[in-house]
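Enquirer: Take 1 as the starting number for the sequence shown in the working numbering and just add one per residue.
C-beta atoms are modelled at their ideal positions from N, C-alpha and C, and glycine is treated no differently.
Since this is a predicted model, take the numbers as computed values, not measurements.
Below are the structure tokens for one structure; questions will follow.
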Amino acid sequence: MSIHRSSYLEKFEKALTHGQESFATLRTGRASAQLLDGVFVEAYSTRMALHEVASISAPDTQLLVVKPWDKSLLGQIEKAIQIAELNLNPIIDGEIIRIVVPALTQERRQEMVKSLHQKEEEVKVMMRNIRSDVRRDIEKQEGMAGISEDDIKAEVAELDEVVKEYSAKLEEVVATKERELMSI
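Take a look at the structure:
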């Protein structure tokens, strides 16, 4: 049977991608459209992502501009940004919404780094669970026709290499985000 590397690589990739998306929501003190990725708007009797109902731009490092495609959604978009717990204050200005992104204090930056490491730990737990599941599947093969102890040991060693590789990728992503958060 043999567990193929490609069968679990995708799971590790998804865990890393989930982490990157989660880290992107942490504010660095610079305006970025990704800041609003987690904002959902009640529109057309359904819940929609902000980017599905408006264009988002960052004309400079301290300002975000949200321009809804349907002007009747201005109020719902403003409300959605306010309740998203991003510490942002949207202001309706005619047909657009302006959001001034305040610079982060040193204390707030340290809180963000702490939050980053909590999110990193969540991804590490996901990776450990994937490793555990795959290892269990590998060990279930013991005693099967055509599978030797050496085959099982080789597959476990290969799995451990993949875990090391993805752990290193995660650490690199976290280190980059931490530098971003701490730079003024």
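1. Give every residue of the same chain whose Cβ lies closer than 7 angstroms to the Cβ of S115, excluding the five residues on either side of it in the sequence, and list them in chain order.
2. Among the candidates P102, R131, A33, whose CA atom is the shortest distance from the CA of V163?
3. Restricting to runs no shorter than 3 residues, where is the beta strand (DSSP E) found entirely within the region 95-141?
4. Starting from V65 and walking both ways along the beta strand (DSSP E), at which residues does that stretch end?
5. Quick check: what's the CA-CA separation for S22 versus K153?
6. If you draw a straight line from the C-alpha of F12 to the C-alpha of M112, how long is it?
7. For the candidate residues M182, H51, Y44, R47, whose alpha-carbon lies nearest to that of D37?
8. To the nearest angstrom, report how far apart S45 and V53 are at their CA atoms.
9. For A9, count neighbouring Cβ atoms within 10 angstroms of its own Cβ and tell me buried if that reaches 16, exposed if not.
10. Where does the unbroken alpha helix (DSSP H) through M182 begin, and where does it stop?
11. Output the distance between the C-alpha atoms of T176 and R109, rounded to the nearest integer angstrom.
12. Pull up the distance between the alpha-carbon of D150 and that of G19, whole angstroms please.
13. Whose C-alpha, out of E78, L16, L159, I99, is nearest the C-alpha of S204?
14. What are the boundary residues of the alpha helix (DSSP H) that includes E78?
15. Excluding the 5 residues preceding and the 5 following M48 in the sequence, name in chain order all residues of the same chain whose CB lies nearer than 6 angstroms to its CB.
16. Among residues of its own chain, excluding the 5 on either side of V173, which ones have a beta-carbon nearer than 8 angstroms to its beta-carbon?
17. In three-state terms, what does DSSP make of V39?
18. Can you name, in chain order, every residue of its own chain whose Cβ lies under 7 angstroms from the Cβ of I3, other than the five neighbours on each side?
Expert: For this structure:
1. Against the sequence shown, residue 115 aligns to sequence position 115. A distance below 7 angstroms between beta-carbons, with the five flanking residues on each side excluded, links S115 to the following residues of its chain, in chain order: L26.
2. The residue you call residue 163 lines up with position 163 of the sequence shown. Ranking P102, R131, A33 by Cα distance to V163 puts R131 first.
3. Entirely contained in the region 95-141, the beta strand (DSSP E) runs reaching 3 residues are, in chain order, 96-100.
4. The residue you call residue 65 lines up with position 65 of the sequence shown. Residues 63-68.
5. Translated into positions along the sequence shown, residue 22 becomes position 22. Translated into positions along the sequence shown, residue 153 becomes position 153. Computed Cα separation, rounded: 35 angstroms.
6. In the sequence shown, counting from the first residue as 1, residue 12 sits at position 12. In the sequence shown, counting from the first residue as 1, residue 112 sits at position 112. For F12 and M112, the distance between alpha carbons rounds to 25 angstroms.
7. In the sequence shown, residue 37 corresponds to position 37, counting from 1. Per the Cα distances, H51.
8. One-based indexing of the sequence shown puts residue 45 at position 45. One-based indexing of the sequence shown puts residue 53 at position 53. In a straight line, the C-alpha of S45 is about 13 angstroms away from that of V53.
9. Locating residue 9 in the sequence shown gives position 9, counting from the first residue. A small correction: the amino acid at residue 9 is Leu; Ala does not occupy that position in the sequence shown. That one is exposed.
10. Residue numbering aside, residue 182 sits at position 182 when the sequence shown is read from its first letter. Per DSSP, M182 is one residue of the alpha helix (DSSP H) stretching across 149-182.
11. Stepping through the sequence shown from its first residue, residue 176 is reached at position 176. Stepping through the sequence shown from its first residue, residue 109 is reached at position 109. When the Cα atoms are used, T176 and R109 turn out to be separated by approximately 14 angstroms.
12. Here residue 150 refers to the residue found at position 150 of the sequence shown. Here residue 19 refers to the residue found at position 19 of the sequence shown. The alpha-carbon separation between D150 and G19 amounts to approximately 34 angstroms.
13. A query on residue 204 cannot be resolved here, the shown segment of the chain reaching from 1 to 184 and no further.
14. As a position in the sequence shown, residue 78 is number 78, starting the count at 1. Element bounds for E78: 74-83.
15. As a working mapping, residue 48 is identified with position 48 in the sequence shown. Cβ within range, chain order: V41.
16. In the sequence shown, the residue the question calls residue 173 occupies position 173. Once the five neighbours on either side are set aside, the close Cβ partners of V173 are L16, G19, Q20, F23.
17. Taking the first residue of the sequence shown as position 1, residue 39 is located at position 39. Reduced to three states, the DSSP call for V39 is coil.
18. On the sequence shown, residue 3 is found 3 positions in, with the first residue counted as 1. Taken in chain order, the residues that qualify are V134, D137, I138, E155.
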